[in-house]
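Here my numbering = 1-based position in the sequence shown + 11.
Backbone N, C-alpha and C fix where the C-beta goes; we use that ideal spot for every residue, glycine too.
In this text, all values refer to a predicted model and were calculated from it rather than measured experimentally.
Okay, structure first, notes after.
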Amino acid sequence: MSVAAERASANGGRGRAGERPMACVGAAGPGGGDGGGAMGAEREASPWVSCALSAGCVVSASGPGVPWSCSGVALSARPGLVLCHGGALASRLPRPPPPGAFVPAARLRLAREPELRVRRGPGPAVPARLLGLLRCPAFAAPAARLLRAGDVRASAPEAAAGLFALVRVGAGAGAGGAARAVGAPPPRGSPLLVCACPFGGRRDGLFLNTLSAGVLCNRRGPLLLGDARCLPGAEGGGVWDGRRPGRLVALVAAPLHGPDGPLGLALLCAARPLLRAALRGPGLDGPDARALRALLPPASPPPGPGLRSPRSPPSPPSPPSPPAWARAVLVDAGSAWGSGLGWGRRLVVTCRHVVAHGHPVRVKPQRPKGLVIQARVVFATQDTCPYDVAVLQLEEDLPEIPEPILADRFHKGEEVNVVGFGVFGQACGPSVTAGILSAVVTVDDEPVMLQTTCAVHRGSSGGPVFSTNSGQLLGIVASNTRDNSTGTTYPHLNFSIPITVLQPALREYIRTGDPGSLDRLNRADEQVRRVWRLQKAAASRPRSRL
Numbered sequence: 012m013s014v015a016a017e018r019a020s021a022n023g024g025r026g027r028a029g030e031r032p033m034a035c036v037g038a039a040g041p042g043g044g045d046g047g048g049a050m051g052a053e054r055e056a057s058p059w060v061s062c063a064l065s066a067g068c069v070v071s072a073s074g075p076g077v078p079w080s081c082s083g084v085a086l087s088a089r090p091g092l093v094l095c096h097g098g099a100l101a102s103r104l105p106r107p108p109p110p111g112a113f114v115p116a117a118r119l120r121l122a123r124e125p126e127l128r129v130r131r132g133p134g135p136a137v138p139a140r141l142l143g144l145l146r147c148p149a150f151a152a153p154a155a156r157l158l159r160a161g162d163v164r165a166s167a168p169e170a171a172a173g174l175f176a177l178v179r180v181g182a183g184a185g186a187g188g189a190a191r192a193v194g195a196p197p198p199r200g201s202p203l204l205v206c207a208c209p210f211g212g213r214r215d216g217l218f219l220n221t222l223s224a225g226v227l228c229n230r231r232g233p234l235l236l237g238d239a240r241c242l243p244g245a246e247g248g249g250v251w252d253g254r255r256p257g258r259l260v261a262l263v264a265a266p267l268h269g270p271d272g273p274l275g276l277a278l279l280c281a282a283r284p285l286l287r288a289a290l291r292g293p294g295l296d297g298p299d300a301r302a303l304r305a306l307l308p309p310a311s312p313p314p315g316p317g318l319r320s321p322r323s324p325p326s327p328p329s330p331p332s333p334p335a336w337a338r339a340v341l342v343d344a345g346s347a348w349g350s351g352l353g354w355g356r357r358l359v360v361t362c363r364h365v366v367a368h369g370h371p372v373r374v375k376p377q378r379p380k381g382l383v384i385q386a387r388v389v390f391a392t393q394d395t396c397p398y399d400v401a402v403l404q405l406e407e408d409l410p411e412i413p414e415p416i417l418a419d420r421f422h423k424g425e426e427v428n429v430v431g432f433g434v435f436g437q438a439c440g441p442s443v444t445a446g447i448l449s450a451v452v453t454v455d456d457e458p459v460m461l462q463t464t465c466a467v468h469r470g471s472s473g474g475p476v477f478s479t480n481s482g483q484l485l486g487i488v489a490s491n492t493r494d495n496s497t498g499t500t501y502p503h504l505n506f507s508i509p510i511t512v513l514q515p516a517l518r519e520y521i522r523t524g525d526p527g528s529l530d531r532l533n534r535a536d537e538q539v540r541r542v543w544r545l546q547k548a549a550a551s552r553p554r555s556r557l
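What follows is the structure, encoded as structure tokens:
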């Protein structure tokens, strides 16, 4: 297999320039198994895991058309209400489909209602009845725009990515819990837990209620982006707040794929707007409506100055985002874009290949929105240099942002975040992905390359890598990995330039203003070159090059 590092910038035409240490833990709800469905003895789980597992389920249907299944989440045990993905029902709907955010089953005009069954644990599936379909217009419209703009496709058809189904489960559904509350999504970078049933959970229960951990990468209204691993069949799975047990915040709408394979990202739809749509729509009343209302925060007038509403307890604090995250900027080079790191007031560090096309370069900070700063390339490493670096001089000051704390040592296995403008570029701002520092490659005891398991995509080149716990700046992203024999890109195997390589040259340039002081970055020895060719020192000439 010929494997090459693929530069993580988006280019061509005008197109394109966390996971946390995560296991796919199989369980079958209470009494389920560790490592695979109903097999094995389950170890004691944390409250976050227990709540997610007890509410997870798989929904299957037979009848007209091809049988299908998807993931779901129990909203209420009595009455038995389950919310799942509705994409497979889209093909059965009339054209155009009935309008409304919530369409009761009686108004769907289905020639024959599918026979639904819900399985929540190791026992058999039980019958269920469709109550209606839910759509979130505030999700569907931006999702469609993002998919068109980013050369990205969803596992579910674009038109159905924001379609969900509310079903009532019959008696005998077996033991199982339900969501305790439906809350607002947490801040960007906060931990999420996904419980889903990839591949329909299989009849043997092998993939029933598997868990995946990640972070909230980005959001635009009810449209969320997460980096927890989601496989086919995970659509409709519950997304839980990693800080508050039992708090459902979203459902999986669709795992995302690029031209070269899975992106390691998924579109998520916030759960609260879906429930509110169901309550506003016709045909839902009685115990069903009361059960949904109980999950939502009670309506109350806003408290006065200095007061806190007694009905709205404060959320537990989430790990603060390092202020230096705001130093990630978008670098627009005409036919390409990438990411960059603001350094000082008028410098940006990015990758050479982002600005190598000769077009005028503009830098777009995160705040204030709409600010565009002209830039010129004052230095770029040579094509033969293993370090892919460019330094930009800005015509205006960057907004006041705290300087990052620079790391002087690196700890293999520590949790890290990458901040950059991958996949969707400037369409929804910078995204945060999470992972660990999987390797620190040294030459003569000096770090020369970092590897992480964060999801890194085209457009992320030049984006900063931070330590999750300390907030220290570790380096900048240079590339991810591509298998030349299959054309597959691996976003979770990526390479970064350590900040200890960049800092001495940048410090000298700021002191002297002489671009020649940056030329030390071109003077990497042969061992460093070999490392960046993805070869051992004794290896023969590489088959592919960074």
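With at least 16 other beta carbons inside 10 angstroms of its own, SER350 counts as buried.
In this structure, DSSP gives TYR520 a helical state, which the three-state scheme calls helix. In the displayed model, GLU457 falls within a strand according to three-state DSSP. Counting along the chain, no alpha helix (DSSP H) covers GLN393, and no H or E run does either. Using a 10 angstroms sphere on the CB of GLY446, the tally of other CB atoms reaches 16 or more, which defines it as buried. The straight-line gap separating the alpha-carbon atoms of VAL84 and GLY473 is approximately 39 Å. Per DSSP, reduced to three states, the secondary structure at ARG291 is helical. Annotation: VAL402 to PRO243 spans about 42 Å, alpha carbon to alpha carbon. Per DSSP, the unbroken beta strand (DSSP E) holding ARG179 starts and ends at 174-180. Here GLU246 is buried. Its C-beta has 16 or more other C-beta atoms within 10 Å. Cβ contact annotation for PRO233 (same chain, cutoff 7 Å, sequence separation greater than five): CYS147, ALA149, PHE150, CYS280, ALA281, PRO284, in chain order. Rounded to the nearest angstrom, the gap between the Cα atoms of VAL389 and ALA189 is 58 Å.
Ranked by Cα distance from CYS465, the options VAL260, PRO135, GLY194, VAL429 are led by VAL429.
Between PRO309 and PRO273, the alpha-carbon positions lie close to 40 Å from each other. The alpha carbon of LEU64 has as its nearest neighbour, out of ARG240, GLY248, ALA239, the alpha carbon of GLY248. Around the CB of GLY257, 16 or more other CB atoms lie within 10 Å, so the residue is classed as buried. Per DSSP, reduced to three states, the secondary structure at LEU145 is strand.
Out of TYR501, VAL542, GLY433, the CA that lies nearest to the CA of VAL451 is found in VAL542.
The DSSP-derived three-state label of ASP252 is strand. GLY173 has its alpha-carbon roughly 41 Å from the corresponding atom of LEU405.
A direct Cα-Cα distance of roughly 20 Å separates LEU217 from VAL250. Just so you know, the alpha carbons of LEU303 and GLY143 end up roughly 14 Å apart. The Cβ-Cβ distance between LEU86 and LEU306 falls below 8 Å. The C-beta distance from SER507 to VAL459 rounds to 11 Å, too long to meet the 8 Å contact threshold.
Burial check for PRO293: the Cβ neighbour count within 10 Å stays below 16, so the residue is exposed. By the neighbour-count definition (other C-beta atoms within 10 Å, threshold 16), THR361 is a buried residue. Counted as a single uninterrupted DSSP element, the beta strand (DSSP E) harbouring GLU126 occupies residues 126-130.
When rounded, the separation of the alpha-carbon atoms in ARG493 and ASN220 is 31 Å.
Residue environment: THR444 is assigned as buried (16 or more neighbouring CB atoms within 10 Å of its CB, all protein chains considered). With respect to CYS241, ALA207 sits close: the two C-beta atoms are nearer than 8 Å.
Pairing PHE113 with ARG373, the inter-Cα distance amounts to about 44 Å. Beta-bridge analysis with DSSP links ALA72 to TRP79, LEU127. Looking at the DSSP output, PRO273 sits in a beta bridge with HIS268. Under the Cβ criterion (8 Å, minimum of three pairs), the region 376-383 does not count as touching the region 509-524. The beta carbon of PRO90 sits closer than 7 Å to those of ARG179, PRO298, ASP299, ALA302, all from its chain and outside the five residues before and after it, given in chain order. For SER57, there is no enclosing beta strand (DSSP E), as DSSP marks it with neither H nor E.
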